[in-house]
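*Asks:* Below: one structure in structure tokens.
Number of protein chains: 4
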Amino acid sequence: MERIVAAGRGVLVEHGYDAFSTNRVATAAGISPGSLYQYFPDKAAILDVVIDRYWEEVAERVAAALSERIADFGPGMVRDTADALLSALEADRELLRVVAEELPIHRSRERRAALERRVRELAATYLAARRESTRRPDPATAAWVVVLAVENLAMRWVLDQPAAVTRDALLDEMVALVGGYLLA
Amino acid sequence: MERIVAAGRGVLVEHGYDAFSTNRVATAAGISPGSLYQYFPDKAAILDVVIDRYWEEVAERVAAALSERIADFGPGMVRDTADALLSALEADRELLRVVAEELPIHRSRERRAALERRVRELAATYLAARRESTRRPDPATAAWVVVLAVENLAMRWVLDQPAAVTRDALLDEMVALVGGYLLA
Amino acid sequence: MERIVAAGRGVLVEHGYDAFSTNRVATAAGISPGSLYQYFPDKAAILDVVIDRYWEEVAERVAAALSERIADFGPGMVRDTADALLSALEADRELLRVVAEELPIHRSRERRAALERRVRELAATYLAARRESTRRPDPATAAWVVVLAVENLAMRWVLDQPAAVTRDALLDEMVALVGGYLLA
Amino acid sequence: MERIVAAGRGVLVEHGYDAFSTNRVATAAGISPGSLYQYFPDKAAILDVVIDRYWEEVAERVAAALSERIADFGPGMVRDTADALLSALEADRELLRVVAEELPIHRSRERRAALERRVRELAATYLAARRESTRRPDPATAAWVVVLAVENLAMRWVLDQPAAVTRDALLDEMVALVGGYLLA
DNA sequence: TATGAATGAGAATTCATTCAT
DNA sequence: TATGAATGAATTCTCATTCAT
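Chains F, Z, W and U, in that order, give the protein sequences. Each residue of the first sequence is one higher than the one before, counting from 0 in numbering that gives the first Met the number 0. Each residue of the second sequence is one higher than the one before, counting from 0 in numbering that gives the first Met the number 0. Each residue of the third sequence is one higher than the one before, counting from 0 in numbering that gives the first Met the number 0. Each residue of the fourth sequence is one higher than the one before, counting from 0 in numbering that gives the first Met the number 0.
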């Protein structure tokens, strides 16, 4: 079963989503196609586990970084969280490419939404607790804006690797973006 | 050929990407499947044109709004541009949903990148010309950040329709985000 | 399409129901498996047509014989109708074997029920018109009994070919059975 | 092994022939699929035993009734035997439905033939002994006719439950059919 | 230019059977 | 004796593409 998931991830990374057929996954796992169905009800279930695992891992890393820094608001926290997100996304850029660009998004939707919600709630709670340190009226909305903006910037940077923007510069810009916004 | 593209768009909107088969598109266009290949080398080409047209239209609208306001920098310009983008995305929410969530993203990639580049360059030029009015060191990077953030926020808002964020509130937040960032 | 039905009939007769696979039928028809689906929605539809045709043919023959003789009730009519039924069943004993014994009955059910109903109604009408010539109280019931008994006897005789019963003897017994019953 | 046969009968009745897979039977029997093959050479063997048992039981009941009445020929004997057959078939209508309509008949063939033979021989013997009480020339043929007709009528009545024919009426008709035939 | 029947490789899935433990 | 994971051939059905008319 672990072998199957690993094989699925492998097929996705090596051959792309279009080649993600049960036969290919089975072959890659070194088992027969029939055996797949002893562990998974159908093809989609395999894909789901692969995707779930991926976002789960990313979420774990980011949540860890965020929790650690929850005490001291400010540029440091934003930077570290963004850094953690970047690292998590950089860890398996190939899989990110497939998951984020090759798969129909609705496959990742739920998992990604969960990741966003998790971080957003943390952020909203924090912002609500420090109302005085931001000029944004609604913490929930502010959290929604910040999380979406940072997430997308991070993903596009990892995926597109824009030559003009170094990793450090990106982090600087993110800090400026979030800082400026919350204090605007 | 116009009929084919229209039929393709129709199939996409009515039946979704999974039903986007050459036979169905041909039927919807009122021609035979063989005739498709007189105008398009393969299925992907039809899809590409449909997608291209979509983003082209969005780009047109946004660029128009941006050009109009290029003279007076400031909250007004950001707001109006974002407003134009929102309107453009709202115009065909169903197609947006299919294009942005159902299709593998890499199909839209190039066209969307073109749209972003276009707006980004406009923005970068503008920022470069008004170096004194921003604290961000690199206009190109700043434009990249601003465009990506606003685009993603707009798309997610149109797609997810978060109950807690009204259209006006969204525009306010965008203005705050961009304003705060550029002046941070 | 005619070729497909013929091929289906052929496969059924030559190889039996278990071998009635879409690929085999396609091969037997000298076409590719995909072409099957241009004419039939699924495998069952092909089988249905083969079965329908078979019972239709049998029904036609029997109804013809029955109509011809409807004027003169009596041993002659029964004998001729039974004869026609026997001939119809003997015409393609191999297919009868498959249709009646190899296929799950519920596949033939409707068609066979139609055949029975057709003959039964003819018989019931006739019996009702000649109430005085039978001692059975209910024409509908009598028709049900007669038709089922004769049909089954005929089918089993054709299928089992009991050595002890010649064709003529069978017809004699049928006449005696029906005659004795209606006058009992 | 008893458990397997019982489970097989259960699967047949609850889920139908299509669901009669080795895995399901094994599960229903509370054993593993592999263990099936310790008691039966293959899937067909299990089915055979289930079917055999069924017809065996029916045969037992009918033979018992027939033996009991063998002394006094006449309407009473026919009626009681037919009654016994009806009761036997009514006892497990669900299984009858599966065995007679869902299964390919040739699976039941041998066992059913045995049942028929058994009753037929009893009847033939009896008829031979009372030559004077029938006008039919050949006892064997007469027995064949009578047994097939009554059996089929009974089965169809139980299976189709024709509203117009009550149980008692059916028995009356059978008596009339057999009586009229033998004396015709 | 247009047709549309024909193609055929390839997809997901099932299930009777085996065999190492 | 019992297990149950593993097998893998076989099944039904789809669909992008072709090509003779």
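Beta carbons are placed, not taken as given, at the ideal position from N, Cα and C, and that holds for glycine.
Rounded C-beta distance between Z:Gly185 and Z:Val97? I'm assuming under 8 Å.
*Replies:* Any answer about residue 185 of chain Z is impossible in this case: the structure gives chain Z only from 0 up to 183.
*Asks:* Do Z:Val12 and Z:Val49 count as a contact pair if the criterion is CB distance below 7 Å?
*Replies:* no
*Asks:* For U:Ala175 and W:Trp54, I'd like the C-alpha separation in whole angstroms.
*Replies:* 30 Å
*Asks:* W:Pro103 by DSSP, collapsed to three states: which one?
*Replies:* strand
*Asks:* Give the interface partners of W:Val4 over in chain U, defined as CB-CB distance under 8 Å, in chain order.
*Replies:* Under the 8 Å cutoff, chain U gives no residues; its nearest Cβ is about 21 Å from W:Val4.
*Asks:* Beta-carbon of U:Gly179 versus every beta-carbon of chain W: anything under 7 Å?
*Replies:* Using beta-carbon distances, U:Gly179 counts as an interface residue toward chain W, with a partner under 7 Å.
*Asks:* So Z:Arg195 packs on Z:Gly29, CB below 8 Å; how close in whole Å?
*Replies:* Limits of chain Z in this structure are 0 at one end and 183 at the other, which puts residue 195 of chain Z out of reach.
*Asks:* Using the Cα positions of F:Arg219 and Z:Glu89, report the straight-line distance between them to the nearest angstrom.
*Replies:* No answer is possible for residue 219 of chain F: the residues shown for chain F start at 0 and end at 183.
*Asks:* According to DSSP, simplified to helix, strand and coil, what is W:Thr80?
*Replies:* Helix, per DSSP.
*Asks:* Report, in whole angstroms, the separation of the C-beta atoms of F:Ile104 and Z:Ile104, which I expect to be a contact under 8 Å.
*Replies:* 7 Å
*Asks:* Measure the C-alpha to C-alpha separation of W:Ala240 and F:Ser107 and round it to an integer number of angstroms.
*Replies:* This structure does not reach residue 240 of chain W, given that chain W is present from 0 up to 183, and the question cannot be answered.
*Asks:* Quick check on Z:Leu152 - is its C-beta less than 7 Å from some C-beta in chain F?
*Replies:* yes
*Asks:* Could you give the uninterrupted runs of the beta strand (DSSP E) lying entirely in the stretch 110–168 of chain Z, keeping only those of 3 residues or more?
*Replies:* none
*Asks:* Classify Z:Met0 as buried or exposed, calling it buried when 16 or more other Cβ atoms lie within 10 Å of its own Cβ.
*Replies:* exposed
*Asks:* So, is U:Gly7 buried or exposed, given that buried needs 16 or more other C-beta atoms within 10 angstroms?
*Replies:* buried
*Asks:* If you follow the alpha helix (DSSP H) that U:Pro40 is in, where does it begin and where does it stop?
*Replies:* Neither: U:Pro40 is in no alpha helix (DSSP H) and is coded neither H nor E.
*Asks:* Regarding Z:Trp143 and the ligand MN, is the C-beta to nearest heavy atom distance less than 6 Å?
*Replies:* With respect to small molecules bound, the structure shown includes none, and the ligand MN cannot be examined in it.
*Asks:* What did DSSP end up calling F:Met0 once you bin it into helix, strand or coil?
*Replies:* coil
*Asks:* Measure the Cβ-Cβ separation of W:Pro136 and W:Ala123 and say whether it is below 7 Å.
*Replies:* No.
*Asks:* Does any CB atom of chain Z fall closer than 7 Å to the CB of F:Leu176?
*Replies:* yes
*Asks:* Taking a Cβ distance cut-off of 9 Å, strictly less, list which residues of the stretch 92–112 of chain W are near chain U, in chain order.
*Replies:* Within the stretch 92–112 of chain W, contact with chain U at the beta-carbon level (separation under 9 Å) is assigned to Arg96, Ala99, Glu100, Glu101, Leu102, Pro103, Ile104, His105, Arg108 and Ala112.
*Asks:* Return the chain-ordered list of same chain residues with a C-beta closer than 6 Å to the C-beta of F:Leu121, the five sequence neighbours on each side being excluded.
*Replies:* Same-chain partners within the cutoff: Leu65.
*Asks:* I need the DSSP call for U:Ser20, collapsed to helix, strand or coil.
*Replies:* coil
*Asks:* List the residues of chain F whose Cβ lies closer than 8 Å to the Cβ of Z:Arg135, in chain order.
*Replies:* Glu172 and Ala175
*Asks:* Is there at least one Cβ from chain F nearer than 7 Å to Z:Leu158's Cβ?
*Replies:* no
*Asks:* Excluding sequence positions up to five away, which residues of its chain have a Cβ less than 8 Å from the Cβ of U:Glu115?
*Replies:* Val146, Leu147 and Glu150
*Asks:* When the Cα atoms are used, what is the spatial distance from Z:Trp156 to Z:Leu95?
*Replies:* In a straight line, the C-alpha of Z:Trp156 is about 12 Å away from that of Z:Leu95.
*Asks:* Between the beta-carbon of W:Asp51 and the beta-carbon of W:Arg110, is there less than 7 Å?
*Replies:* Between W:Asp51 and W:Arg110, the CB-CB gap stays under 7 Å.
*Asks:* May I ask you to report which of helix, strand or coil DSSP gives U:Arg91?
*Replies:* First, the amino acid is wrong: residue 91 of chain U is Asp here, not Arg. It is coil, neither helix nor strand.
*Asks:* Would you mind telling me which residues of chain W sit closer than 7 Å to U:Leu182, beta carbon to beta carbon, in chain order?
*Replies:* Neighbours of U:Leu182 in chain W, taken as residues at a C-beta separation under 7 Å, are given in chain order as Gly179.
*Asks:* Let's test the definition: count the other Cβ atoms within 10 Å of the Cβ of F:Gly75 and tell me whether it reaches 16, buried, or not, exposed.
*Replies:* exposed
*Asks:* Let me check understanding here. Comparing Cα to Cα, which of W:Leu181, W:Gly179 and W:Leu170 lies closest to W:Thr80?
*Replies:* With distances taken between Cα atoms, W:Thr80 lies closest to W:Leu170.
*Asks:* Is F:Arg78 close to chain Z? Criterion is C-beta to C-beta, closer than 7 Å.
*Replies:* no
*Asks:* Please check if any C-beta of chain F sits within less than 7 Å of the C-beta of Z:Thr165.
*Replies:* no
*Asks:* Check U:Ile50 in the structure and name its three-state DSSP category.
*Replies:* The answer is helix: DSSP assigns U:Ile50 an H, G or I state.
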